[in-house]
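Below is one structure, written out as structure tokens, with a few remarks after it.
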Amino acid sequence: MDNLPDADRRSIEHRVIDASLSLIARHGVARMSVADVAREARCGRATVYRAFPGGKAQVLEAVGRREVTRLCALVAGRLDAAATLEDALVAAVTESARFFADHRALRFVLAHEPGVVLPYLGFGRVDRVYRAAAALTGPHLARLVGADQAPWAVEWVARLVVSYLLTPDEGVDLTDEADARRLVATYLAPALTPAALAAPPADARLSSTRSSVPSLTGAEYVHEQ
Amino acid sequence: MPGARDIAYGRGVPDDPRARILTAAAEWIGRRGIARTTIDDVARRAGVGRATVYRYFPGGREQLLSEVITREVARFFGRLEREVEGSPDFATLLERGLLFAHRTVADHELLQKVVETEPERLLPHLSASAPLVLAVLRDYLTPLLAREGARLRRGIDAESAASWLARMVLSFIIDGGRWDLDDPVAVRALVRDQLLAGIFEHA
Chain D
7 MDNLPDADRR SIEHRVIDAS LSLIARHGVA RMSVADVARE ARCGRATVYR
57 AFPGGKAQVL EAVGRREVTR LCALVAGRLD AAATLEDALV AAVTESARFF
107 ADHRALRFVL AHEPGVVLPY LGFGRVDRVY RAAAALTGPH LARLVGADQA
157 PWAVEWVARL VVSYLLTPDE GVDLTDEADA RRLVATYLAP ALTPAALAAP
207 PADARLSSTR SSVPSLTGAE YVHEQ
Chain H
-17 MPGARDIAYG RGVPDDPRAR ILTAAAEWIG RRGIARTTID DVARRAGVGR
33 ATVYRYFPGG REQLLSEVIT REVARFFGRL EREVEGSPDF ATLLERGLLF
83 AHRTVADHEL LQKVVETEPE RLLPHLSASA PLVLAVLRDY LTPLLAREGA
133 RLRRGIDAES AASWLARMVL SFIIDGGRWD LDDPVAVRAL VRDQLLAGIF
183 EHA
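The listed protein sequences derive, respectively, from chains D and H.
Heads up, my numbering is the position in the first sequence plus 6, with the first residue counted as 1.
For the second sequence, position 165 matches number 147 in my numbering, and the numbering has no gaps at all.
Structure, rendered in structure tokens:
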């Protein structure tokens, strides 16, 4: 495995991750074994272990990391296409909400094995998700809200979508552009006007000068271009 | 006799066996963690028999855990309400609330310990209580906002705004993120310049 070109190594990782998501969507995390993943990915168990020496735990970590990265890439694309700050925020909200709504593995886990994913969205850890989102999507908001303010704006969007993901409201459908725009225009956009952001508070943690993205579990993300 | 509010805020009749059992469970969890807390441990510590515990908590361990958590959450919000009572204005109420809530969560030894060691056992219960928590926060804030009258931006509906604020307050209680919620200056800016920016007319 060590002498494989990067492209091949990455493709095995993606195959394993895709296979895992397919299995989780059907049977959840507890019942997923490395043997199952290898079978689903049509490769040998040894291949899976070479790519993920940490076994199932490492596979799951990679699944989480890739899906957050994938969502952020989708959002970044929508941000690039947005004409105004409000449009950008609305697009970020709806894109995220649709991603969550359509994500069968996530839906299974939230419904049947919440203990698997809630820790990453809870006390002391959700901050890493906010930071990853800010690092990956902030640059795509900078032209609309300024480079300094972009990470703060991303965190507002992230707080909103995580709140509705974990505690839905029957009367609010964030996959619907009108509902998303009502919330964004009423509560979010006014908080992000130049006046409100004129003196952004100091970042609570030391600002990172690394170009890599903070990870969900402590291991480094790979920021794929 | 405790009234509805007392029960909601976890203030039961003294020496009530149900309350003793919940307290014993909370203490045992504090010492041994959730996974290693059994009905027998709790019964022994509460000075009652197993059968008694099951009579009050027929759902067993999971129900006991769920109710320990619900009681702690209710007590937290009871203390939060007392902390912000008498605030001179709405923004100050939110500032005091956020500062107090953040400090209380950070200093809550049992919570921090369980979050560190067994979050997967705790968080599903907290998440299950979130709809009720949001409703309580919303119902608390709505009349306070409605009272603000012309100070609110045109078109703002008190209940919808209270719903939004409830969600964001809970979000910040869970994690301050980029904001330093230990710093009253930062919290003041968060509340007045951002949380309330779309709700109140600018001063």
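For every residue, glycine included, the Cβ atom is placed at its ideal position computed from N, Cα and C.
Kindly say whether SER39 of chain D, judged by its beta-carbon, lies nearer than 8 Å to any beta-carbon of chain H.
Here residue 39 of chain D refers to the residue found at position 33 when the first sequence is read from its first residue. Contact of SER39 of chain D with chain H is not assigned, every C-beta pair being separated by 8 Å or more.
From the beta carbon of THR173 of chain D, is the nearest beta carbon of chain H less than 8 Å away?
In the first sequence, counting from the first residue as 1, residue 173 of chain D sits at position 167. THR173 of chain D counts as touching chain H.
Are the beta-carbon atoms belonging to LEU180 of chain D and ALA112 of chain H less than 8 Å from one another?
Your numbering for residue 180 of chain D matches position 174 in the first sequence. Your numbering for residue 112 of chain H matches position 130 in the second sequence. At least 8 Å separates the beta-carbon of LEU180 of chain D from that of ALA112 of chain H.
Is SER69 of chain H close to chain D? Criterion is C-beta to C-beta, closer than 8 Å.
Against the second sequence, residue 69 of chain H aligns to sequence position 87. For SER69 of chain H, no CB of chain D lies under 8 Å from its own CB, so it is not counted at the interface with that chain.
According to DSSP, is PHE129 of chain D part of a helix, a strand, or is it coil?
The count along the first sequence starts at 1 and reaches residue 129 of chain D at position 123. Of the three classes helix, strand and coil, the one that applies to PHE129 of chain D here is coil, per DSSP.
How would you call THR90 of chain D, buried or exposed, if buried means at least 16 neighbouring beta carbons within 10 angstroms?
Within the first sequence, numbered from 1, the residue matching residue 90 of chain D stands at position 84. Exposed is the label assigned to THR90 of chain D, since fewer than 16 other Cβ atoms lie within 10 Å of its Cβ.
Using C-beta distances below 7 Å, list every residue in its chain close to SER28 of chain D, excluding the 5 sequence neighbours before and after it, in chain order.
Mapped onto the first sequence, residue 28 of chain D falls at position 22. Only GLU46 meet the Cβ criterion.
For ALA179 of chain H and PRO196 of chain D, I'd like the C-alpha separation in whole angstroms.
Taking the first residue of the second sequence as 1, we reach residue 179 of chain H at position 197. Taking the first residue of the first sequence as 1, we reach residue 196 of chain D at position 190. Distance between the alpha carbons of ALA179 of chain H and PRO196 of chain D: 6 Å.
Using a cut-off of 7 Å between C-beta atoms, extract the partners of SER102 of chain D located in chain H.
Within the first sequence, the letter at position 96 stands for residue 102 of chain D. Going along chain H, no residue has its Cβ under 7 Å from SER102 of chain D, so there is no contact; the nearest lies around 15 Å.
Suppose you measure from the CA of PRO189 of chain H to the CA of GLY42 of chain H; what does that come to, to the nearest Å?
Because residue 189 of chain H is not part of the residues shown, which for chain H are -17 to 185, the question remains open.
Candidates D:GLU101, D:ARG48, D:GLY34, D:TYR193, of which the one nearest HIS20 of chain D by Cα
The count along the first sequence starts at 1 and reaches residue 20 of chain D at position 14. For HIS20 of chain D, the closest C-alpha among the options D:GLU101, D:ARG48, D:GLY34, D:TYR193 is that of D:ARG48.
For a contact defined as C-beta to C-beta under 7 Å, what are the partners of PRO106 of chain H on chain D?
As a position in the second sequence, residue 106 of chain H is number 124, starting the count at 1. Chain D residues near PRO106 of chain H: PRO120, GLY121, LEU124.
Out of D:ALA36, D:ALA94, D:PHE58, D:ASP12, which one is the CA nearest neighbour of ILE23 of chain D?
Working through the first sequence from its first residue, we reach residue 23 of chain D at position 17. In terms of CA proximity to ILE23 of chain D, D:PHE58 leads the group D:ALA36, D:ALA94, D:PHE58, D:ASP12.
So who's on the other strand from PHE182 of chain H, going by DSSP bridges?
Your numbering for residue 182 of chain H matches position 200 in the second sequence. PHE182 of chain H has H:LEU134 as its beta-bridge partners, per DSSP.
Using 8 Å as the threshold, is the C-beta distance between THR143 of chain D and VAL160 of chain D below it?
Taking the first residue of the first sequence as 1, we reach residue 143 of chain D at position 137. Taking the first residue of the first sequence as 1, we reach residue 160 of chain D at position 154. Against a cut-off of 8 Å, the Cβ pair of VAL160 of chain D and THR143 of chain D comes out as a contact.
Any C-beta of chain D under 8 Å from that of ASP121 of chain H:
Residue numbering aside, residue 121 of chain H sits at position 139 when the second sequence is read from its first letter. At least 8 Å separates the CB of ASP121 of chain H from every CB of chain D.
Segments assigned alpha helix (DSSP H), at least 4 residues, entirely inside the segment 79 to 113 of chain D:
Whole alpha helix (DSSP H) segments, 4+ residues: 91 to 108.
Is the CB of GLY180 of chain H under 8 Å away from at least one CB in chain D?
Here the question's residue 180 of chain H lines up with position 198 in the second sequence. Yes, its Cβ sits closer than 8 Å to a Cβ of chain D.
Give the straight-line distance between the Cα atoms of GLU77 of chain H and LEU147 of chain D, rounded to the nearest whole angstrom.
As a first step, residue 77 of chain H is located in the second sequence; it is residue number 95 there, counting from the start. As a first step, residue 147 of chain D is located in the first sequence; it is residue number 141 there, counting from the start. Near 29 Å, if we compare the C-alpha coordinates of LEU147 of chain D and GLU77 of chain H.
Is the CB-CB distance between VAL132 of chain D and ASP157 of chain H below 8 Å?
For the purposes of this step, residue 132 of chain D is taken as residue 126 along the first sequence, with counting starting at 1. For the purposes of this step, residue 157 of chain H is taken as residue 175 along the second sequence, with counting starting at 1. With contacts defined by Cβ atoms closer than 8 Å, VAL132 of chain D and ASP157 of chain H form a contacting pair.
What's the gap between the Cα of LEU222 of chain D and the Cα of PRO125 of chain H?
Counting from 1 along the first sequence, the entry for residue 222 of chain D is found at position 216. Counting from 1 along the second sequence, the entry for residue 125 of chain H is found at position 143. A caution first: LEU222 of chain D carries a pLDDT of 49, below 50, which makes its placement in the model unreliable, though a value can still be read off. Whole-angstrom Cα-Cα distance: 40 Å.
In terms of alpha-carbon separation, which member of H:GLY12, H:ARG37, H:THR52, H:LEU119 lies closest to GLY79 of chain H?
Reading the second sequence from its first residue, position 97 is the one you call residue 79 of chain H. GLY79 of chain H has its Cα closest to that of H:LEU119, out of H:GLY12, H:ARG37, H:THR52, H:LEU119.
Could I get the ranges of all uninterrupted alpha helix (DSSP H) runs contained in the segment 43 to 109 of chain H, with 4 residues as the minimum, in chain order?
The qualifying runs are 72 to 89, 91 to 99.
Strictly under 8 Å for the Cβ-Cβ distance: is ASP22 of chain H near chain D by that measure?
Counted from its first residue, the second sequence places residue 22 of chain H at position 40. Not an interface residue.
When you compare each of H:LEU62, H:ASP71, H:ARG135, H:PHE182 to LEU81 of chain H by their alpha carbons, which one comes out closest?
Your numbering for residue 81 of chain H matches position 99 in the second sequence. Checked all of H:LEU62, H:ASP71, H:ARG135, H:PHE182; the closest Cα to LEU81 of chain H is H:LEU62.
Closest Cα partner of ARG129 of chain H within the set H:PRO70, H:GLY31, H:ARG26
As a working mapping, residue 129 of chain H is identified with position 147 in the second sequence. That would be H:PRO70, whose Cα lies nearest to the Cα of ARG129 of chain H.
Chain H contact residues for SER28 of chain D, given Cβ-Cβ distances below 9 Å
Counting from 1 along the first sequence, the entry for residue 28 of chain D is found at position 22. The CB of SER28 of chain D never comes closer than 9 Å to any CB in chain H; the least such distance is about 23 Å.
How big is the Cα-Cα spacing for ASP89 of chain H and ASP164 of chain H?
What you label residue 89 of chain H is simply residue 107 of the second sequence in a count that begins at 1. What you label residue 164 of chain H is simply residue 182 of the second sequence in a count that begins at 1. Rounded to the nearest whole angstrom, the CA to CA distance from ASP89 of chain H to ASP164 of chain H is 12 Å.
Quick one: Cα of ARG13 of chain H to Cα of ALA6 of chain H, how far?
As a working mapping, residue 13 of chain H is identified with position 31 in the second sequence. As a working mapping, residue 6 of chain H is identified with position 24 in the second sequence. ARG13 of chain H and ALA6 of chain H: Cα-Cα distance of roughly 11 Å.
So, under 8 Å CB-CB, SER34 of chain D and PRO106 of chain H are touching, yes? Tell me the CB distance rounded to an integer number of Å.
As a first step, residue 34 of chain D must be located in the first sequence, where it is residue number 28. As a first step, residue 106 of chain H must be located in the second sequence, where it is residue number 124. Looking at the sequence shown, residue 34 of chain D is not Ser but Gly. Not a contact, Cβ separation roughly 14 Å.
Identify whether ALA47 of chain D lies in helix, strand or coil by the three-state DSSP scheme.
Here residue 47 of chain D refers to the residue found at position 41 when the first sequence is read from its first residue. DSSP places ALA47 of chain D in helix when its eight states are reduced to three.
In three-state terms, what does DSSP make of GLN176 of chain H?
Within the second sequence, numbered from 1, the residue matching residue 176 of chain H stands at position 194. In the structure shown, GLN176 of chain H sits in a helix (DSSP, three-state: H, G or I).
What do you get for VAL123 of chain D, buried or exposed, if any count of 16 or more other CB atoms within 10 angstroms of its CB means buried?
Mapped onto the first sequence, residue 123 of chain D falls at position 117. Around the CB of VAL123 of chain D, 16 or more other CB atoms lie within 10 Å, so the residue is classed as buried.
Under a three-way DSSP split, which group does GLN64 of chain D fall into?
The residue given as residue 64 of chain D occupies position 58 in the first sequence. Residue state, collapsed to three classes: helix.
Measuring straight from C-alpha to C-alpha, what distance separates ILE51 of chain H and ALA8 of chain H?
Position 69 of the second sequence, counted from the start, is the residue given in the question as residue 51 of chain H. Position 26 of the second sequence, counted from the start, is the residue given in the question as residue 8 of chain H. C-alpha separation (whole angstroms): 9 Å.
Does at least one heavy atom of the ligand NAD sit under 7 Å from the Cβ of LEU127 of chain H?
As for the ligand NAD, it is missing from this structure, which has no ligand bound.
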